[in-house]
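J.: The letter at position 29 of the sequence shown is residue 28 when you use numbering that gives the first Met the number 0, and the numbering goes up by one with no holes.
All residues carry an ideal CB built from backbone N, CA and C; glycine is no exception.
The structure displayed is predicted, hence computed values, not measured ones.
Have a look at the structure that comes next, please.
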Amino acid sequence: MKPIVSIIMGSTSDLPVMEKAAAFLDEMEIPFEMHALSAHRTPAEVEAFAKGAKERGIKVIIAAAGMAAHLCGVIASMTTLPVIGVPINSTLDGMDALLAIVQMPPGIPVATVGINGALNAGILAVQMLSVGDEALQDKLAAYKEDLKKKIVKANAELAQVSYKHKTN
């Protein structure tokens with residue numbers, strides 16, 4: 000089974016966040032790979048990865064980084080594949096990483112999710128892959144229907160909570 004999504008993180012300290020993307024890809028039965036690469040510490044390896052990803056069959060790259068967070072943009076500058084950036088909360092409550100990822104120059108886009116938003120990155124990657132794949136679209140629809148059911152159930156449970164001045 001060849002991977003079609005790459006999850007790239009600046010270091011393995013990002014794994015507790017990025018596991019959420021990996022778990023979602025597993026749930027959707029999407030083959031993926033994971034690598035720790037640093038734009039600052041291993042730039043040659045990042046370049047080789049980015050330039051070779053399409054040829055290896057990768058269709059979407061999810062890249063995560065904290066602090067200066069140049070990894071996502073560096074990868075995006077070297078490939079035509081979609082790159083989804085996940086800012087990691089490390090310093091400045093993750094705002095430094097968020098701004099570094101979202102403020103890309105014209106022509107080098109990085110789709111950016113919220114701080115530590117690896118699950119949304121995984122969902123977005125699957126949505127991209129589902130274009131033209133009705134079976135995958137059906138899986139996503141079922142996932143979103145389950146989310147809806149959880150909220151409907153939570154609302155019903157909340158209706159049972161009693162307070163003296165609660166009107167519903």
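For Val4, which option in Thr111, Asn88, Met33, Asp13 has the closest C-alpha, if you only look at C-alpha atoms?
T.: Start at 1 with the first residue of the sequence shown, and residue 4 comes out as number 5. Minimum Cα distance to Val4 is reached at Met33.
J.: Helix, strand or coil for Met103, going by three-state DSSP, please let me know.
T.: Mapped onto the sequence shown, residue 103 falls at position 104. The answer is coil: DSSP assigns Met103 none of H, G, I, E or B.
J.: Does DSSP put Val112 in a helix, a strand or coil?
T.: Walking along the sequence shown from the start, residue 112 turns up at place 113. Here Val112 sits in coil by DSSP.
J.: Hey, quick one: how far does the beta strand (DSSP E) through Gly84 stretch, first residue to last?
T.: Translated into positions along the sequence shown, residue 84 becomes position 85. Note, Gly84: beta strand (DSSP E), 82-87.
J.: Between which two residues does the alpha helix (DSSP H) holding Gly72 run?
T.: To locate residue 72, count along the sequence shown from 1; it is residue 73. Looking at the DSSP string, the run of the alpha helix (DSSP H) that includes Gly72 is 70-76.
J.: Below 6 angstroms CB to CB, which residues in the same chain sit around Ala117 once its five sequence neighbours on both sides are set aside?
T.: In the sequence shown, the residue the question calls residue 117 occupies position 118. Within the same chain, Ala117 has close Cβ partners Val16, Met17, Lys19, Ala20, Val85.
J.: Out of curiosity, what's the CA-to-CA distance linking Lys138 and Ile61?
T.: Indexing the sequence shown from 1 puts residue 138 at position 139. Indexing the sequence shown from 1 puts residue 61 at position 62. Between Lys138 and Ile61, the C-alpha separation is close to 20 angstroms.
J.: Please classify Ile83 as buried or exposed, where buried requires at least 16 other C-beta atoms within 10 Å of its C-beta.
T.: Residue numbering aside, residue 83 sits at position 84 when the sequence shown is read from its first letter. Buried is the call here.
J.: Buried or exposed for Ala141, going by 16 or more other Cβ atoms inside 10 Å?
T.: What you label residue 141 is simply residue 142 of the sequence shown in a count that begins at 1. So Ala141 ends up on the exposed side.
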